[in-house]
Amino acid sequence: MKLISWLCVGLLILPLRFSYRLPLKNGFFGTIGPNLKTANIRNLVELFTGNGVIQGVFIHNGKPRFARHVINTRKLQNEPFEGEPLFLTGLKYLLYKMGMFPYNNLGVANTALYPLSDHVDENTTALYAMYERDLPYLVHLYHNTSSIATIRQMDGLYPEIQEVSGHSKSIPGNRMETLDYHILSKQVDYYQIYDNMKSVVLKKTIQMQYIPIMHDFISTEKSIIIMDSPLGFDFSNIFRGKLPICFGKNHSTYVHVLDKITGMVQQYEITSGHYVFHYSDCKETNEKIEIYAPLYDDLDFSSINIQGKYRKIVIDRHTKHVTIEYNPYLETMNLDFPIKGPNGTVVLRNIENRRMNGFVMVDGLEIVKTWLYDDLFFCGEHVVLDNSIMAFCLKGDSNYLAIIDVATDSLELIECSYDLTIGFHSAFIFR
66 MKLISWLCVG LLILPLRFSY RLPLKNGFFG TIGPNLKTAN IRNLVELFTG NGVIQGVFIH
126 NGKPRFARHV INTRKLQNEP FEGEPLFLTG LKYLLYKMGM FPYNNLGVAN TALYPLSDHV
186 DENTTALYAM YERDLPYLVH LYHNTSSIAT IRQMDGLYPE IQEVSGHSKS IPGNRMETLD
246 YHILSKQVDY YQIYDNMKSV VLKKTIQMQY IPIMHDFIST EKSIIIMDSP LGFDFSNIFR
306 GKLPICFGKN HSTYVHVLDK ITGMVQQYEI TSGHYVFHYS DCKETNEKIE IYAPLYDDLD
366 FSSINIQGKY RKIVIDRHTK HVTIEYNPYL ETMNLDFPIK GPNGTVVLRN IENRRMNGFV
426 MVDGLEIVKT WLYDDLFFCG EHVVLDNSIM AFCLKGDSNY LAIIDVATDS LELIECSYDL
486 TIGFHSAFIF R
């Protein structure tokens, strides 16, 4: 691996200030995740299969109104209680895929928020609650009453499309780019569909080397880029109450680059095992592809102790040689949830001792700033808005909306009116 030059920046342990100055923009900040208490989560399977809940705050003229809404999924309607044996869950899902079970028992709508560009009316905005093994649920945000409601599941393309990516991308023309992956055939379908989920614009298929379980993908002007990580079956895990998937960290990883126009696929090999949950940035030319992302060198679905290392993948398109560049100081951190910040920077969350304790701003692989706290536990992804970082957090038994000024490093805490649970992805929806 290539070692780049780096600048060591000291950690900031910052004081708390219990006052607030919210952004002047009117809208809704929300985080979606599993409706589970953090202390009760033992592994990634439990984390990924808890029914979705939106935790958020409506902002009107600088005043906050908090709201919380559990997504009314078909799974929740039919299975109101958690704790079903993993074997039974898998059997139900297999029967559903065969058309022999009435609903998707994995459809928990807990992964991401997909804002829709068209407002319902002057007081109502809309979004999709996404989950990568199901079709999305339409959710309305009522800004005049500061309330949230599940409207329906968007199943107009079923059974042609049964599942979409939790990280579907919005593109011009009220269209969505998304993926559906097929574990048995080891194929990934790339789709362009209209936001109303009623018709398909484009479909291309990519053949994979391994079991295709991908949480995110890259979309550039010309290409779709996905990582083919060394995942395989280990059915003996079922008898241990674990997911029957294993990660081959000593096997190669492949990067597939799909040309959106021609459908041609180029494959590049990384001679070590890696997994990516979220991509940060990508620069593509005719000569090379540069990808920034937190890489996981090992992955155990029976544990939540995983380590994301923020690195740069460089692909030479002529020689097909792939290198991975890194900053040794960043290697000491557990980073993910990359969000674009001001002036081309990226802001990532850090985990230390199983606690999201703050954020790290980088420019490329150089550290710009850190905001790390001894007594805060951040609950999910952040957004960067008006040069401020916004996220939910816990301090002891109290719940807060946190706002960090990236210029002055000041932290403002606004007490939340409900108890927070762990979150995944966040969004700010403008009114």
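Residue numbers (this note's numbering): 66 to 496.
In this text, a Cβ means the ideal position worked out from N, Cα and C, and glycines have one as well.
Give the DSSP-derived three-state secondary structure of Val387 in the structure shown. strand
For His447, I'd like the list of residues in its chain whose CB is within less than 8 Å of its CB, leaving aside the five on either flank, ordered along the chain. Counting only Cβ-Cβ distances below 8 Å, and skipping sequence neighbours, we find Phe402, Ile404, Val412, Arg414, Phe424, Ile454, Met455, Ala456 and Ser491.
Tell me whether Ile494 sits in a helix, a strand or coil according to DSSP, three-state version. Judged by DSSP in its simplified three-state form, Ile494 adopts strand.
C-alpha gap between Arg496 and Val204, whole angstroms: 15 Å
Whole-angstrom C-beta distance between Gly221 and Arg198, which should lie under 8 Å: Wrong, their Cβ atoms sit about 18 Å apart, outside the cutoff.
Note down the Cα distance separating Pro295 from Pro129, rounded to an integer number of angstroms. Rounded to the nearest angstrom, the two C-alpha atoms are 45 Å apart.
What runs of the beta strand (DSSP E), each 3 residues or longer, lie entirely inside the segment 398-476? For the segment 398-476, whole beta strand (DSSP E) runs of length 3 or above, ordered along the chain, are 400-405, 411-417, 420-428, 431-437, 448-450, 453-460 and 463-470.
Quick one, which of Thr190, His383 and Ser233 has its alpha-carbon nearest Met241's? Ser233
CA-CA distance, Val17 and Ile119? Residue coverage of the chain in this structure runs from 66 to 496, which leaves residue 17 outside it and unanswerable.
Can you give me the C-alpha to C-alpha distance between Leu267 and Ile236, rounded to a whole angstrom? 13 Å
From the DSSP secondary-structure annotation, give me the bridge partner or partners of Val122. Phe94 and Phe131
Are the Cβ atoms of Ala467 and Asn452 separated by less than 8 Å? no
Between which two residues does the alpha helix (DSSP H) containing Arg139 stretch? Arg139: member of the alpha helix (DSSP H) spanning Arg139 to Asn143, first to last residue.
Residue range of the alpha helix (DSSP H) that includes Gly155: Leu151 to Lys162
Name the one or two DSSP bridge partners that Pro180 has. Leu192
Whole-angstrom distance between Thr388 and Val341, CA atom to CA atom: 16 Å
Quick test of the definition: if touching needs 3 or more C-beta pairs under 8 Å, does the segment 324-331 touch the segment 370-377? The way I'd put it, the segment 324-331 doesn't touch the segment 370-377; fewer than three beta-carbon pairs between them come closer than 8 Å.
Cβ distance (whole Å) where Tyr179 is taken to contact Tyr193 below 8 Å: 4 Å
Looking at C-beta atoms only, is the number of pairs between the segment 348-361 and the segment 380-397 that lie closer than 8 Å three or more? Output reads yes: the segment 380-397 touches the segment 348-361.
Under the DSSP definition of a beta bridge, which residues are partnered with Cys63? What the structure shows of the chain is the stretch from 66 to 496, and residue 63 is not part of that stretch, so it cannot be assessed.
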